[in-house]
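Everything below concerns the one structure shown next.
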Amino acid sequence: MVYILIVKYKAYATYHTMNKETLNILMYTHRVPYYVIHKHIIPYTYLPQSKVLLRDIRNYIQDINLIESVYLTQYNEFILLSDLFLFHGYNYNMNDISSKLASLFTRHIILKNANQAELYLYLRSIIVPNKRHQTVKFIWGLMSPEERNEFINDYLLDTMTV
Numbered sequence: 727m728v729y730i731l732i733v734k735y736k737a738y739a740t741y742h743t744m745n746k747e748t749l750n751i752l753m754y755t756h757r758v759p760y761y762v763i764h765k766h767i768i769p770y771t772y773l774p775q776s777k778v779l780l781r782d783i784r785n786y787i788q789d790i791n792l793i794e795s796v797y798l799t800q801y802n803e804f805i806l807l808s809d810l811f812l813f814h815g816y817n818y819n820m821n822d823i824s825s826k827l828a829s830l831f832t833r834h835i836i837l838k839n840a841n842q843a844e845l846y847l848y849l850r851s852i853i854v855p856n857k858r859h860q861t862v863k864f865i866w867g868l869m870s871p872e873e874r875n876e877f878i879n880d881y882l883l884d885t886m887t888v
């Protein structure tokens with residue numbers, strides 16, 4: 727099913743043919759300038775995504791649902807966050823970031839060129855009680871599918887067999 731979207735911007739009208747999902751997205755982006763939508767967003771929506779990215783997205787969704795269902799029913803978000811930090815070699819009692827955790831954080835585009843002190847300050851800013859759920863999803867998103875599977879094997883499956 728194809729919908730026609732009529733976008734009036736300034737003194738002229740432009741017609742776009744797009745699918746329903748794109749139409750719904752654009753209806754909520756009325757604050758985005760027309761040029762950005764037309765030249766950057768619309769062409770990107772028609773590009774095929776790589777299989778690696780699609781695998782990562784599927785893995786993220788399935789695995790985050792699994793760990794949340796287990797951790798939030800048997801434990802709590804603090805335990806999950808602590809286990810994620812322990813998996814990456816960080817200890818709450820020490821004021822030092824492990825190289826494994828530093829390499830994880832530097833995968834984020836904002837922290838790509840950060841030094842140890844900046845990473846430590848960022849870490850301190852996200853370890854607050856009201857941001858635990860957001861921090862868990864942030865760390866889980868930075869992990870690769872292989873690291874996620876290793877975490878599940880080490881922290882979930884080992885505790886379930888006991």
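Residue numbering for the sequence shown is 727 to 888, as defined by the numbering used here.
A virtual CB, placed ideally from N, CA and C, is assigned to each residue, including glycine.
Distance, residue j Cα to residue i Cα
i: I836; j: S795; result: 30 Å
i: N839; j: S870; result: 20 Å
Residue environment, residue i, which counts as buried when at least 16 other CB atoms sit within 10 Å
i: D880; result: exposed
i: D884; result: exposed
i: V762; result: exposed
i: R874; result: buried
i: K847; result: The identity of residue 847 in the sequence shown is Leu, whereas the question assumes Lys. Exposed: under 16 other Cβ atoms inside 10 Å.
i: V862; result: buried
i: L807; result: buried
Bounding residues of the alpha helix (DSSP H) (the contiguous stretch that carries residue i)
i: K826; result: 825 to 831
i: P759; result: Taken as a continuous stretch (DSSP letters only), P759 belongs to no alpha helix (DSSP H), as it is neither H nor E.
i: N875; result: 871 to 877
i: K777; result: 777 to 800
Beta-carbon gap between residue i and residue j smaller than 8 Å
i: H814; j: L798; result: no
i: H834; j: L779; result: no
>> Contact between the stretch 802 to 809 and the stretch 820 to 827 is defined here as three or more beta-carbon pairs at a separation below 8 Å; is this criterion met?
In response: no
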